[in-house]
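Number of protein chains: 2
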Amino acid sequence: MKPTIYSVAEEAGVSISTVSKVINQTGHISERTRQKVIEVMAQLNYHPSVVASALTGKPTKTIGLLVPDISNPFFADLARSIEDRSHERGFHVVMCNTDNDAEKEKKYLSLLIRQRIDGLIVASAFRNANLLKNMLKQDIPISVIASEIPHISVNTVTVDDYKGSYLATDYLLSLHHKKIAIITENAKSNHARLDAFREVMQENGIIVPPQHVITTEASIQKGYESAKQIFSMKEKVTAIFACNDLLAIGVMQAAKELKIDVPQDLSVIGFDNTVLSTTITPMLTTVAQPTKEMAVNVVDLLVREMKYPAMHKEHLLLEPKLIVRKSTAPLRREATASTNN
Amino acid sequence: MKPTIYSVAEEAGVSISTVSKVINQTGHISERTRQKVIEVMAQLNYHPSVVASALTGKPTKTIGLLVPDISNPFFADLARSIEDRSHERGFHVVMCNTDNDAEKEKKYLSLLIRQRIDGLIVASAFRNANLLKNMLKQDIPISVIASEIPHISVNTVTVDDYKGSYLATDYLLSLHHKKIAIITENAKSNHARLDAFREVMQENGIIVPPQHVITTEASIQKGYESAKQIFSMKEKVTAIFACNDLLAIGVMQAAKELKIDVPQDLSVIGFDNTVLSTTITPMLTTVAQPTKEMAVNVVDLLVREMKYPAMHKEHLLLEPKLIVRKSTAPLRREATASTNN
DNA sequence: TTGAAAGCGCTAACAA
DNA sequence: TTGTTAGCGCTTTCAA
Numbered sequence: 011m012k013p014t015i016y017s018v019a020e021e022a023g024v025s026i027s028t029v030s031k032v033i034n035q036t037g038h039i040s041e042r043t044r045q046k047v048i049e050v051m052a053q054l055n056y057h058p059s060v061v062a063s064a065l066t067g068k069p070t071k072t073i074g075l076l077v078p079d080i081s082n083p084f085f086a087d088l089a090r091s092i093e094d095r096s097h098e099r100g101f102h103v104v105m106c107n108t109d110n111d112a113e114k115e116k117k118y119l120s121l122l123i124r125q126r127i128d129g130l131i132v133a134s135a136f137r138n139a140n141l142l143k144n145m146l147k148q149d150i151p152i153s154v155i156a157s158e159i160p161h162i163s164v165n166t167v168t169v170d171d172y173k174g175s176y177l178a179t180d181y182l183l184s185l186h187h188k189k190i191a192i193i194t195e196n197a198k199s200n201h202a203r204l205d206a207f208r209e210v211m212q213e214n215g216i217i218v219p220p221q222h223v224i225t226t227e228a229s230i231q232k233g234y235e236s237a238k239q240i241f242s243m244k245e246k247v248t249a250i251f252a253c254n255d256l257l258a259i260g261v262m263q264a265a266k267e268l269k270i271d272v273p274q275d276l277s278v279i280g281f282d283n284t285v286l287s288t289t290i291t292p293m294l295t296t297v298a299q300p301t302k303e304m305a306v307n308v309v310d311l312l313v314r315e316m317k318y319p320a321m322h323k324e325h326l327l328l329e330p331k332l333i334v335r336k337s338t339a340p341l342r343r344e345a346t347a348s349t350n351n
Numbered sequence: 011m012k013p014t015i016y017s018v019a020e021e022a023g024v025s026i027s028t029v030s031k032v033i034n035q036t037g038h039i040s041e042r043t044r045q046k047v048i049e050v051m052a053q054l055n056y057h058p059s060v061v062a063s064a065l066t067g068k069p070t071k072t073i074g075l076l077v078p079d080i081s082n083p084f085f086a087d088l089a090r091s092i093e094d095r096s097h098e099r100g101f102h103v104v105m106c107n108t109d110n111d112a113e114k115e116k117k118y119l120s121l122l123i124r125q126r127i128d129g130l131i132v133a134s135a136f137r138n139a140n141l142l143k144n145m146l147k148q149d150i151p152i153s154v155i156a157s158e159i160p161h162i163s164v165n166t167v168t169v170d171d172y173k174g175s176y177l178a179t180d181y182l183l184s185l186h187h188k189k190i191a192i193i194t195e196n197a198k199s200n201h202a203r204l205d206a207f208r209e210v211m212q213e214n215g216i217i218v219p220p221q222h223v224i225t226t227e228a229s230i231q232k233g234y235e236s237a238k239q240i241f242s243m244k245e246k247v248t249a250i251f252a253c254n255d256l257l258a259i260g261v262m263q264a265a266k267e268l269k270i271d272v273p274q275d276l277s278v279i280g281f282d283n284t285v286l287s288t289t290i291t292p293m294l295t296t297v298a299q300p301t302k303e304m305a306v307n308v309v310d311l312l313v314r315e316m317k318y319p320a321m322h323k324e325h326l327l328l329e330p331k332l333i334v335r336k337s338t339a340p341l342r343r344e345a346t347a348s349t350n351n
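These protein sequences, in sequence, are chains A and B.
Here the working numbering = 1-based position in the first sequence + 10.
Here the working numbering = 1-based position in the second sequence + 10.
In structure tokens:
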């Protein structure tokens with residue numbers, strides 16, 4: 011049998027409330043009994059049950075985390091940092107991979123409610139904001155990271171996607187590229203990136219033909235396919251802005267296969283600055299998100315809201331940073347992204 | 011207020027035990043009341059509390075997962091699959107990154123015990139097997155994946171490391187390489203890989219000088235540093251067997267920096283078959299682990315043990331597979347891994 | 001087919 | 001400073 015507060019009390023010759031007090035460091039107990047109780051707890055290898063304690067209304071010390079897919083290195087990094095910070099703050103995290111699938115979102119949310127999580131961190135786009143509203147109604151605080159969910163009032167931590175995209179686009183323009191395609195994911199964060207791209211292009215008097223805007227899912231494979239699609243068009247392109255590193259990697263693989271030299275014949279720029287951007291050849295120019303900082307902030311905001319539910323919501327916008335590496339180069343006059351034969 | 015079983019009972023005009031029965035599909039209740047109760051639950055947006063249910067002795071439906079580091083794509087893949095399978099089986103998972111650090115292992119274990127997890131999956135080397143024994147004493151079943159922990163009797167799912175290493179080494183030998191260095195991590199799984207390497211080499215009459223065996227931690231950086239160290243030795247090497255992909259990537263980066271051509275001047279072989287092996291140039295020859303299959307099996311074994319605690323322990327050994335790509339080539343007579351100047 | 005009630009391990013108010 | 005006790009939301013036995 012697992013030791014309970016009763017076993018400890020009995021063994022130590024005190025009452026359970028005394029034991030409870032030394033566990034929680036509440037009330038006043040003499041140093042002598044305190045020591046005795048601590049000793050007995052260690053000896054019995056007693057670990058107070060969060061389950062029982064939670065039933066009395068105390069927190070479960072659990073944070074739910076919804077990510078699209080932990081195999082995406084960007085989310086792996088994010089999850090890692092969120093976990094570290096959560097542990098530092100005394101919480102542990104239950105992670106769920108939604109694949110941006112509405113069914114899974116629903117299922118996991120219900121699961122998490124049943125588990126009585128103290129708070130929820132959402133790192134994935136959310137199709138059904140109503141489900142989230144239900145959580146809010148159940149007094150479960152929510153913080154959103156690297157994403158945005160319309161119509162609900164929650165704490166939010168994002169990188170300035172608009173600015174990041176501006177940085178990327180502007181850099182490409184400074185390299186004299188004019189025919190630039192963009193591959194985006196259908197997620198809120200990517201909308202800002204697309205908007206910024208369009209505006210900067212327009213400001214520079216460049217019209218982006220609709221076929222140069224491809225919307226797809228975040229994966230190397232999709233990046234590869236999108237690139238193939240772009241390369242097959244009549245209207246050639248000299249640069250591609252992929253809205254995340256996974257897509258960018260796919261683009262580079264497609265280019266390689268078609269013997270399109272990056273960066274000589276095609277400049278590629280990514281977003282996220284994951285490991286992949288430094289292991290690919292040539293190394294990827296990309297926009298870095300301060301994942302660590304973002305993670306610390308979401309956790310802290312969430313924990314703050316658990317303590318002070320009434321507090322106003324915060325919307326943190328962190329600075330992206332353009333990391334110039336080797337996948338981008340100035341436009342060569344003759345360059346076109348066509349196959350070599 | 012969150013709805014409770016009482017609110018539902020009252021609203022539906024029945025007793026709480028009736029509600030409980032319809033939730034758990036136990037006992038006999040008329041279709042009519044059943045429908046009524048279900049209706050009320052939906053209307054009240056009621057989600058039964060796992061916390062309360064667990065207090066009565068039922069499972070918490072929580073599995074603890076200890077991984078070294080989720081930023082390592084191998085563990086990210088593994089974690090993803092473990093989670094998917096756990097969800098399928100009705101459990102959710104609490105993940106903890108140990109960094110193979112004894113302090114963290116201890117801290118997280120205590121955390122998980124307090125949370126009353128139903129079972130634990132260990133994917134990390136474990137310095138302190140006694141802590142795990144304590145869990146076993148508390149009747150918390152443990153399954154180990156991609157690792158092995160001496161002196162404790164638990165279910166185990168691993169790839170056949172010995173065979174994987176044999177495959178890799180043998181392949182290198184078939185390419186006529188004789189001067190092969192190996193970079194390993196100080197973890198149980200890697201010991202088998204090192205042993206196999208040594209034996210195969212010996213069988214072929216090749217003596218591996220001690221300086222050609224480097225033990226370090228699993229990271230790109232460490233792989234890079236180890237490679238630098240190897241390249242600086244008097245005794246040149248024509249191939250490097252890195253015991254995981256991260257290390258192999260580091261090796262390739264170091265080689266590139268020193269203008270050592272892979273695979274012409276140096277063959278590199280990895281282990282794990284992560285994304286990185288297909289995004290690096292040249293693509294990495296590596297040994298694939300069937301992560302998905304492994305994940306499904308650990309979860310299933312763990313769940314089985316929860317149900318039938320007395321059952322004998324199983325030790326699953328899955329087949330590795332050599333994936334030949336572009337980082338390995340036959341030995342050129344003149345080749346030595348030296349810098350080009 | 002339904003309900004009453006004890007108990008799971010703990011917290012917190014209150015009493016001693 | 002310590003102990004008694006009611007309750008947290010549920011399950012389960014037993015009775016009706």
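Ideal placement from N, C-alpha and C gives every residue a C-beta, glycine not left out.
Within 10 angstroms of the beta-carbon of S242 (chain A) lie fewer than 16 other beta-carbons, which makes it exposed. From the listed residues B:Y16, B:I80, B:R90, the smallest Cα separation to K302 (chain B) is found for B:R90. Note that the segment 280-291 of chain A does not touch the segment 118-129 of chain A; fewer than 3 beta-carbon pairs, one per stretch, sit closer than 8 Å. Here I279 (chain A) is not near Y172 (chain A), since their CB atoms are 9 Å or more apart.
A Cβ-Cβ separation of about 32 Å leaves V297 (chain A) out of contact with V104 (chain B) under the 8 Å criterion. Annotation: the continuous beta strand (DSSP E) that includes N165 (chain A) extends over 165-169. Counting along the chain, V103 (chain A) sits inside the beta strand (DSSP E) bounded by residues 102-107. Looking from the CA of K238 (chain B), the closest CA among B:G260, B:P220, B:L183, B:T225 belongs to B:G260.
Contact check for P273 (chain B) against T179 (chain B) fails: the beta carbons are separated by 9 Å or more. Judged by DSSP in its simplified three-state form, I279 (chain B) adopts strand. Straight-line measurement puts the Cα of R335 (chain B) at about 55 Å from the Cα of P319 (chain A). Distance between E98 (chain B) and P58 (chain A), taken at the CA atoms: about 30 Å.
Burial of I159 (chain A) is indicated by the presence of at least 16 other C-beta atoms within 10 angstroms of its C-beta. The continuous beta strand (DSSP E) containing E195 (chain B) extends over residues 190-195.
Counting only unbroken stretches of 3 or more residues, no beta strand (DSSP E) element lies wholly within the segment 80-104 of chain B.
Straight through space, the alpha carbons of S199 (chain B) and M304 (chain B) are spaced by roughly 14 Å. In the DSSP assignment, V18 (chain A) falls outside any beta strand (DSSP E) and lies within the alpha helix (DSSP H) extending over 15-22.
D149 (chain B) has a beta carbon lying within less than 9 Å of a beta carbon in chain A. Put simply, the segment 247-265 of chain B touches the segment 185-198 of chain B. At least three CB pairs are less than 8 Å apart.
For S153 (chain B), the three-state secondary structure derived from DSSP is strand. Neighbours of Q299 (chain A) in chain B, taken as residues whose beta carbon is under 8 Å from its own, are absent, since the nearest beta carbon is some 15 Å off.
With fewer than 16 other beta carbons inside 10 angstroms of its own, M11 (chain B) counts as exposed.
A contact between stretches requires three or more CB pairs, one per stretch, nearer than 8 Å, and the segment 19-32 of chain B meets this requirement with the segment 48-64 of chain B. Unbroken alpha helix (DSSP H) stretches of 4 residues or longer found wholly inside the segment 190-240 of chain A: 198-213, given in chain order. Per DSSP, reduced to three states, the secondary structure at V32 (chain A) is helical.
Secondary structure note for T296 (chain A): its beta strand (DSSP E) is the uninterrupted segment 295-298. DSSP places I333 (chain A) in the strand class (E or B) of the three-state scheme.
Nearest to V77 (chain B) by alpha-carbon distance, out of B:Q231, B:F85, B:L328, is B:F85. No residue range can be given for T338 (chain B), since it is assigned to no alpha helix (DSSP H) and is classified by DSSP as neither H nor E. For a cut-off of 8 Å, the C-beta gap from K246 (chain B) to K189 (chain B) is around 6 Å, short enough to register as a contact. Residue pairing by DSSP places G129 (chain A) opposite A:I73 in a beta bridge.
Collapsing the DSSP output to three states places A305 (chain A) in a helix. Among the bridge pairs identified by DSSP, A249 (chain A) is matched with A:I190, A:S277.
Taking each of B:L204, B:S157, B:A228 in turn and checking the Cα distance to H222 (chain B), the smallest one comes out for B:L204. Judged by DSSP in its simplified three-state form, L327 (chain B) adopts strand.
Taking T166 (chain B) as the centre and dropping the five residues before and after it, the same chain places the C-beta of V154, H325 closer than 6 Å to its C-beta, in chain order.
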